[in-house]
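S.K.:
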Amino acid sequence: MKLSIIIVNYNVKYFLEQALLSVRRASQGLAVEVWVVDNNSVDDSVPMVREKFPEVKLIANQHNPGFSIANNQAIRRSSGQYVLLLNPDTVVEEDTFEKCLAFMDAHPEAGGLGVRMIDGSGKFLPESKRGFPSPWVAFCKTVGLSRLFPASRLFNHYHLGYLDEQETHEIEVLAGAFMLLRRSVLDEIGLLDEAFFMYGEDIDLSYRIIQAGYKNYYFPESTIIHYKGESTKKGSLNYVKAFYTAMIIFARKHFRGKKARLFVLMLQAAIYFRAFLTVGAGFVRRVYLPVLDAA
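Numbered continuously in the numbering used here, the sequence shown closes out at residue 350.
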């Protein structure tokens, strides 16, 4: 088996169907197996997969164990030389797998590969290529310097804004929406860390790939659609707390001493700062704007 594709789903039936249709088209002529792990959805995702995609290997969990555990369930049972972790709210091109597999075969030093991602309106998603978090990176992201200077090597290392989105680059962090991984590397470094419930597992895995001496690549010769935020509502307080809590887990796992303490302090401050902004924006939408409209 050349490729095992793993999709973890939670209550996004419509998008999952579109993703599986695109995967079916892109898999023609290739030795591919497709796994869907459903985390106890209540929107009839499981019956839809069984009825419309009988070729898919389905794991229907009776509770929601989280993204990392669900992916690991399928990884352990899959057999592909390569493993693709794919979000359910994505659409791949017909030649995505062919191009990506050819690149990985030609680059044995590559542990992981990510592609160019656009949202539903065609806008490039900067998280397609990212750098590792650090106290300075967290500061720039929290206070908005990365947004003010998106092409700066100093201020926007998180999204590697100084790298041309149309060129292949060696990067640090692969996007969790599309992570093509070499099985032999996973066997060496281990699977997703199950301490991460939803966010941060992609950063942690990318870090371990590079620490083991392999490389991660951004590969824009294939572009996929990622309907960002359909699986998770990224403007919510729950998202803010979950994301930065995951970053704290990462910091405590991989950093030591003063750097770890500074990083955790920055992240804790970021949680409150971003929560304040989220609540403030919600207040303006609910209270202030209607008052202006009525004036």
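A virtual CB, placed ideally from N, CA and C, is assigned to each residue, including glycine. Quick caveat: nothing in here was measured; it's all calculated off a predicted structure.
When you compare only the Cα positions, how much space is there between residue 191 and residue 300?
M.R.: About 17 angstroms.
S.K.: With DSSP collapsed to three states, give me the class of residue 169.
M.R.: If DSSP states are grouped into helix, strand and coil, residue 169 belongs with the strands.
S.K.: What do you reckon, are the CB atoms on residue 372 and residue 86 nearer than 7 angstroms?
M.R.: Beyond the ends of the chain as shown, which are 56 and 350, falls residue 372; an answer cannot be given.
S.K.: Quick one: Cα of residue 94 to Cα of residue 109, how far?
M.R.: Their backbone Cα atoms lie some 19 angstroms apart in a straight line.
S.K.: Once you ignore the five residues that flank residue 70 on each side, which residues in its own chain have a CB closer than 7 angstroms to its CB?
M.R.: Same-chain partners within the cutoff: 143, 144, 282, 285.
S.K.: Quick check on the burial criterion: 16 or more other C-beta atoms within 10 angstroms. Buried or exposed for residue 259?
M.R.: When all chains shown are included, residue 259 counts as buried.
S.K.: Where does residue 203 land, buried or exposed, given buried means 16+ other C-beta within 10 angstroms?
M.R.: Flag for residue 203 reads exposed.
S.K.: Establish whether the CB of residue 155 and some CB of chain B are separated by less than 7 angstroms.
M.R.: Any reference to chain B falls outside this structure, which holds one protein chain only.
S.K.: Does the segment 258-272 come within contact of the segment 160-174, defined as at least 3 CB pairs closer than 8 angstroms?
M.R.: A contact exists between the segment 258-272 and the segment 160-174.
S.K.: Could you pull out every unbroken beta strand (DSSP E) segment of at least 3 residues lying fully inside the segment 136-193, listed in chain order?
M.R.: Entirely contained in the segment 136-193, the beta strand (DSSP E) runs reaching 3 residues are, in chain order, 137-141, 165-173.
S.K.: Identify the continuous beta strand (DSSP E) that holds residue 270 and give its terminal residues.
M.R.: From DSSP, the beta strand (DSSP E) with residue 270 extends over 270-281.
S.K.: Between which two residues does the beta strand (DSSP E) harbouring residue 233 extend?
M.R.: Looking at the DSSP string, the run of the beta strand (DSSP E) that includes residue 233 is 233-237.
S.K.: Give every residue of the same chain whose Cβ lies closer than 6 angstroms to the Cβ of residue 217, excluding the five residues on either side of it in the sequence, and list them in chain order.
M.R.: The residues are 206, 208.
S.K.: What would DSSP say about residue 225, mapped onto helix, strand or coil?
M.R.: Residue state, collapsed to three classes: strand.
S.K.: Could you spell out where the beta strand (DSSP E) holding residue 112 opens and where it closes?
M.R.: Residue 112 -> beta strand (DSSP E) spans 112-116.
S.K.: Starting from residue 93, follow its DSSP beta bridges and name the residues at the other end.
M.R.: For residue 93, which the question treats as bridged, DSSP gives the partners 64, 115.
S.K.: In the structure shown, what three-state DSSP assignment does residue 88 receive?
M.R.: Three-state DSSP puts residue 88 in a strand.
S.K.: Can you check whether the CB of residue 116 is closer than 7 angstroms to the CB of residue 63?
M.R.: Cβ distance not < 7 angstroms, so residue 63 and residue 116 don't count as in contact.
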